Amino acid sequence: MNQLLEFLTNPEFVRWVRHSDKDLDVYWSTWIKANPNRVEDLKMAREIILGIHVQQKKLNPNLKEEVLSNVLQEEDRYIPTKEAVQVGERKSRWNKLRMGQYYRVAAIISISLVLAIIYGILSIRETPDHLATNHEIKKTVGSGEKAHFLLADGTEVWLNSESELVYSTFDYGEDRKVYLKGEGFFDVAHDPDKPFRVYSSELVTTALGTTFNISNYHSKPIRVALLSGKVEVANLSSESINSLAPGQELVHSLIDEQTTIRRTGTRNVTGWKDGVLVFENEGFKEVMDVIKRWYGVEIIVEGTPRRQWTIDIAFDNASLERVLSRIAYIEKFQYDIKGKTVTIKL
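If you use UniProt numbering, the sequence shown corresponds to residues 1 to 346, in order.
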């Protein structure tokens with residue numbers, strides 16, 4: 001039963017069963033291969049989740065009928081025999097009626113309790129910031145925002161705009177796991193007995209006491225850059241493992257599944273957490289995406305670029321006006337800022 005509940009209360013497992021995607025398919029396929037002795041529990045948990053419609057908050061009619069039937073059968077055991085009611089028939093009938101009412105109430109309470117337990121277990125990720133258990137929370141950062149906070153183990157985390165981190169607030173168990181979407185910088189608290197793992201799409205980065213940056217934005221290559229210490233980056237899909245040394249960056253394409261390792265500069269990787277906006281030979285679309293995310297604005301583009309953009313520049317805590325002014329001077333375009341809307345006229 002404990003092993004079954006382990007699946008039912010695992011937010012990633014429930015999300016995989018109810019709203020599967022490529023990343024979750026890869027992860028759980030790999031997990032099944034590594035844990036063949038747990039497959040039966042996994043199948044049973046999957047059937048339980050798929051067999052209950054939480055949103056309707058209704059109990060399966062057959063199950064409800066079975067519970068009531070069992071209760072009423074139990075009630076019949078208390079019905080007096082014909083011989084027993086010869087003297088106190090009225091009193092017995094009253095006791096019978098009262099006992100029946102008690103058991104009907106008990107049936108209602110039992111059904112409600114079953115519903116509450118099942119609903120509590122399976123309503124994972126229905127709210128934006130809290131998962132199914134009290135042991136995990138989700139930190140979400142919107143456009144134009146950044147976040148800086150500590151995890152329970154002392155690890156320091158910075159999250160960039162449009163990012164999300166799911167992490168444990170209490171005991172990590174054998175290792176420390178977090179799940180990242182978007183971009184995050186980690187200064188990991190050293191603990192040789194508990195590796196720190198960051199899950200980002202199909203990559204898992206493992207560290208002990210290290211500083212590193214991971215960028216995992218939708219439809220973009222995953223980038224893992226190491227500043228100090230040592231990390232291993234495992235690919236759940238290809239089962240390959242790469243080790244990084246300080247000053248190295250791993251770039252993994254989700255399109256062609258190609259992975260490369262290259263040298264990189266600290267400012268290019270971590271400047272964002274200190275308010276430095278860095279463009280490194282970026283094209284038009286990449287520049288617009290970064291500006292939109294960094295400043296939390298909507299961008300309307302009129303026309304098309306006259307040439308291929310290769311913007312290579314950095315801005316230290318600069319305003320939106322200053323950034324657009326400088327890039328407009330380089331690429332010869334006009335722009336208009338109205339509140340949170342920017343119009344680019346190429």
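By construction, the Cβ of each residue, glycine as well, lies at the ideal position given by its N, Cα and C atoms. Bear in mind the structure is a predicted one, so any value in this text is a computation, not a measurement.
- Nearest to N235 by alpha-carbon distance, out of G142, L227, S253 and G229, is S253.
- Around I300, the same chain offers T341, V342, T343 and I344 as residues with beta carbons nearer than 8 Å, after the five sequence neighbours per side are excluded.
- Non-local C-beta neighbours of I49 in its own chain, meaning closer than 8 Å and more than five positions away in sequence, comprise L8, V14, V17, R18 and L122, ordered along the chain.
- For H148 and T30, the gap between their C-alpha atoms comes out near 33 Å.
- Secondary structure note for D289: its alpha helix (DSSP H) is the uninterrupted segment F284 to Y295.
- With respect to the 8 Å criterion, L277 and P305 are not classified as neighbours on the basis of their beta carbons.
- For V269 against E249, the beta-carbon gap comes to about 7 Å, under 8 Å, which counts as contact.
- DSSP links E156 through a beta bridge to L150 and D187.
- For L226, the closest C-alpha among the options I337, S215 and I330 is that of S215.
- For V188, the closest alpha carbon among the candidates V204, S228 and E162 is that of S228.
- Shown here for H190: same chain residues with a beta carbon closer than 7 Å to its own, the five before and five after excluded, namely L208 and G209 in chain order.
- Taken through DSSP and simplified to helix, strand or coil, K332 comes out as coil.
- Beta-bridge partners of R197 (DSSP): K177 and T206.
- Looking from the CA of K285, the closest CA among Q258, R267, P11 and I311 belongs to I311.
- In terms of Cα proximity to R197, the closest of T155, H218 and S237 is T155.
- Here S238 has E257 as same chain residues with Cβ atoms under 8 Å from its own Cβ, once five neighbours each way along the sequence are excluded.
- Secondary structure at Q3: helix, using DSSP grouped into helix, strand and coil.
- Collapsing the DSSP output to three states places N35 in coil.
- Approximately 6 Å separates the beta-carbon atoms of E164 and K138; this is inside 8 Å, confirming the contact.
- In the three-state reduction of the DSSP assignment, A225 falls in the strand class, which pools E and B.
- The residue among L151, R176 and K181 with its C-alpha nearest the C-alpha of G142 is K181.
- Residues of the same chain with a CB within less than 6 Å of the CB of E302, apart from the 5 flanking positions on each side, are K345 in chain order.
- Here the alpha carbons of N160 and V166 stand approximately 14 Å from one another.
- A distance below 8 Å between beta-carbons, with the five flanking residues on each side excluded, links E136 to the following residues of its chain, in chain order: P11, V166, Y167, S168 and T169.
- In this structure, the beta-carbon distance from V251 to R223 falls below 8 Å.
- Here E282 has V290, W309, T310, I311 and D312 as same chain residues with Cβ atoms under 8 Å from its own Cβ, once five neighbours each way along the sequence are excluded.
- For G296, same chain residues with a beta-carbon under 6 Å away, outside a window of 5 residues either side, are S143 and G144 in chain order.
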